[in-house]
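Protein chains in written order, with the numbering used here: chain A, 3 to 367; chain B, 3 to 367.
Protein chains: 2
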Amino acid sequence: MENEFDSVFPKSYVMKGGEGPHSYAQNSTGQKSAIEAAKHHLQNAITKKFDLKAISASSENLICIADLGCSMGPNTFIAIQNIVEAIQLKYQSQNQSTPEILVFFNDQASNDFNTLFQNFPPNRNYFAAGIPGSFYGRLFPKQSLHLVHTSAALSWLSELPKELTDRSCGALNKGRIFYTNAPSEAYDAYQRQFKMDWEAFLQARAQELVDNGIMACLMNVINDIDFKVDLYLGKDFELLGSCPMDMAKLGLIQEEKVDTFNVPLCSLISSNLDLMKILETSEDFSIEQSEVMDNNCFVIPNIEYFVSRLRAVLEVLIENHFGVGIVDELFERFTEKVREFPKIMDVPKLKFHLFFVVLKRKVKA
Amino acid sequence: MENEFDSVFPKSYVMKGGEGPHSYAQNSTGQKSAIEAAKHHLQNAITKKFDLKAISASSENLICIADLGCSMGPNTFIAIQNIVEAIQLKYQSQNQSTPEILVFFNDQASNDFNTLFQNFPPNRNYFAAGIPGSFYGRLFPKQSLHLVHTSAALSWLSELPKELTDRSCGALNKGRIFYTNAPSEAYDAYQRQFKMDWEAFLQARAQELVDNGIMACLMNVINDIDFKVDLYLGKDFELLGSCPMDMAKLGLIQEEKVDTFNVPLCSLISSNLDLMKILETSEDFSIEQSEVMDNNCFVIPNIEYFVSRLRAVLEVLIENHFGVGIVDELFERFTEKVREFPKIMDVPKLKFHLFFVVLKRKVKA
């Protein structure tokens, strides 16, 4: 049993903690709009696919839910409330009393759980625990979960592919921090890692979910990027990536540090079709439902917000790679570049999609 | 179900977080020696009282353990490891494979869970979660726990009795911060609160433990204090309490703030006999084992350590009451007083006892 607890995924990407101006808690409106967009589908999935009889067989009086990659709130509470409401309605419609509900909020051990716990909704109608660790490995006992939810978190790779970080391999993505407009080798390395991570994720959850247990995953995806127009998805990362390179030229940071810095996010290129291919080969899960939705409903009010939104997500990552002390200057430079190219803030113009998929744990033979 | 999650115990006493020189993590050797003293009894209790057949009836493949009032480590991991080892030995001795184990680490939501989670033992052979909230209310689903452990935490009252904090009642314990050498009304108020808290604690755990589930509690107790000698238990609190009074006389803090400040600890006067009386009236638990042990094995190496040890436990409480900014001066003044009366550091001379009691959840009719 020992090895399961030693995650083989040592890298830790977490959102900026606390509740300050650059914190994730204050800069996650986009993620909130995604959860709102998915609310109807999520509740619908519970109504149609969450099989009370099958669940009751494993536990009559308790439903265990996990939100994986919950960060420190507040979006995680909205998603969980949507789920709990749907479960309660379902039991009520069958004239049954709702079992007690225990929700596990999961994220990396370096996530700001203190903020999460201090913001637990005071009138919540569920018991709430935190469970630290990488969801690319085992986190829960066997067959202990009835419903798993995850929103946006699976966009983060467990780690960067070695080809991108190892200078002896030539640091494939030199001069860039992301895979848009990158050499195909870099793009492919990202895609391979994405596939491996999803397979590890499914394998762990297959053990933890009860038979007929449900898993609802929400992710950003796009199906095509047209690099010929001047605004496309990933352009913000390209603009941001040019800042450390400028700083390296000025001798403010080491160039070799810049060469091996890449953002371990893969959502923007993973089309729902690529993901469906991975899911269709699963022996443990059946695909019960899948939806592609627009997520263009959030508007960027000003430059500060646009910059803080990216900073909340990337600050910890940048500090871990370059050391403390460069973040302020880097984002000041980025702010200047956004000021010169304000069109980049027109997020609703991007073909930005949400992919929502509901999986069911097959009954083990 | 709603109200169970809104704790009626709003006060929050937590140890000093982080890993700095005044942190609890660096200043809890006394608590560690208590856990070591109880190790044998704890493992013995599991061997003799943890009934596998009765447990298996409720869950064949999973054992859920809770450590209540865990603080941020490292002692909590030692206690849990002792428990897990005993459980594994027990299964091995019966030629059964050990079920998976899930440990819930509980403390107030304001506890430093970030430090706790980042220090989870990497090679642990159990799944680990955190569960924030007061253990004087419900924390877990019904019949979801097989074994509850708590060490030292039940010395903390859920809140101070109103008689001690309400100036309109005359602030019963004016001029003191503790109940040693206090008016009997103050002493009685402490004792009443202690009894009420234990009853609330037992009521919550009675719902959460499975039938035949085990609860092992370790507490500091003494049976008598001789106030006629110059060193007795509680003397350190009296000396510490004189510091804010000195500061009030100098106008550094408000006198009325001092009048209503009391330390919500009750272990030092609650003799094991008083506690046994409360336990014996429980309809839900049977007393399976009880032991009184010495806990005089830890030595205070120097003044700094003696002061830090108290500071780790009281700093958050003092800051919450008096505001930030007085803690350094208060403990500097305390250090000076200890220097004048070094005899106070002779902790092994005190009649300091540990009380270890094992309770079993009676089978519900």
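Think of the CB as a built atom: it goes at the ideal place given N, C-alpha and C, for glycine as much as any other residue.
Look at A/Leu64: its C-beta is under 9 Å from a C-beta on chain B. Taking C-beta separations shorter than 7 Å and ignoring five residues to either side along the sequence, the partners of B/Ile346 in its chain run Leu233, Lys237, Asp238, Leu241, Val340, following chain order.
Closest by C-alpha distance to B/Lys364, out of B/Ser284, B/Ala218, B/Glu257, B/His323, is B/Ser284. B/Leu220 sits buried, since 16 or more C-beta atoms from the chains shown fall within 10 Å of its C-beta. Within the segment 135-159 of chain A, the residues whose Cβ lies closer than 9 Å to any Cβ of chain B are, in chain order, Gly135, Arg140, Leu141, Phe142, Pro143, Lys144, Gln145, Ser146. Neighbourhood of A/Ala111 in chain B, by CB distance below 8 Å: Phe119, Gln120, Phe122, in chain order. The beta carbon of A/Asn214 sits closer than 8 Å to those of Asp53, Ala56, Ile57, Lys362, Arg363, Val365, all from its chain and outside the five residues before and after it, given in chain order. In the three-state reduction of the DSSP assignment, B/Lys362 falls in the strand class. For B/Pro185, no beta strand (DSSP E) run applies, since DSSP gives it neither H nor E. For B/Ile80, there are no neighbours in chain A by C-beta distance under 8 Å, as the nearest C-beta there is about 17 Å away.
Among the residues facing chain B, A/Gly75 is not included, as its CB has no counterpart in that chain under 9 Å away. Excluding the 5 residues flanking it on each side, B/Ser73 has same chain C-beta neighbours closer than 7 Å at Met17, Tyr26, Asp109, Asn113, in chain order. If you draw a 10 Å sphere on the C-beta of B/Thr117, you find 16 or more other C-beta atoms in it, and that means buried. The DSSP-derived three-state label of B/Leu147 is strand. For A/Val318, the enclosing alpha helix (DSSP H) stretches over residues 305-324.
Between B/Phe107 and B/Ala88, the CB-CB gap reaches or exceeds 9 Å.
For B/Glu321, the nearest beta carbon of chain A is not closer than 9 Å to its own beta carbon. Restricting attention to beta strand (DSSP E) runs no shorter than 3 residues, the segment 98-147 of chain A encloses them at 102-109, 129-134, ordered along the chain. Remark: three or more beta-carbon pairs, one from each stretch, lie closer than 8 Å, so the segment 96-106 of chain A and the segment 137-146 of chain B are flagged as touching. With a cutoff of 9 Å on beta-carbon distance, B/Gln291 and B/Val223 are scored as not near each other. The beta carbon of B/Ile179 does not come within 9 Å of any beta carbon belonging to chain A, so the residue lies off that interface. Nearest CB-CB separation between A/Asn116 and chain B: below the 9 Å threshold.
Taking C-beta atoms under 8 Å as the contact rule, B/Ile80 and B/Leu44 fail to qualify, at a distance of about 11 Å. Secondary structure of A/Cys245 (DSSP, three-state): helix. Only residues of its own chain outside the window of five on either side were considered, and among them Ile289 have a CB closer than 6 Å to the CB of B/Leu281, listed in chain order. Cβ neighbours of A/Glu321 within its own chain (closer than 7 Å, five residues either side excluded): Val329. In this structure B/His355 is buried. Its beta-carbon is surrounded by 16 or more other beta-carbon atoms within 10 angstroms.
Closer than 9 Å at the C-beta level to chain A, one finds no residue of the segment 241-255 of chain B.
Taking 9 Å as the cut-off, the Cβ atoms of B/Pro266 and B/Leu332 do not count as close.
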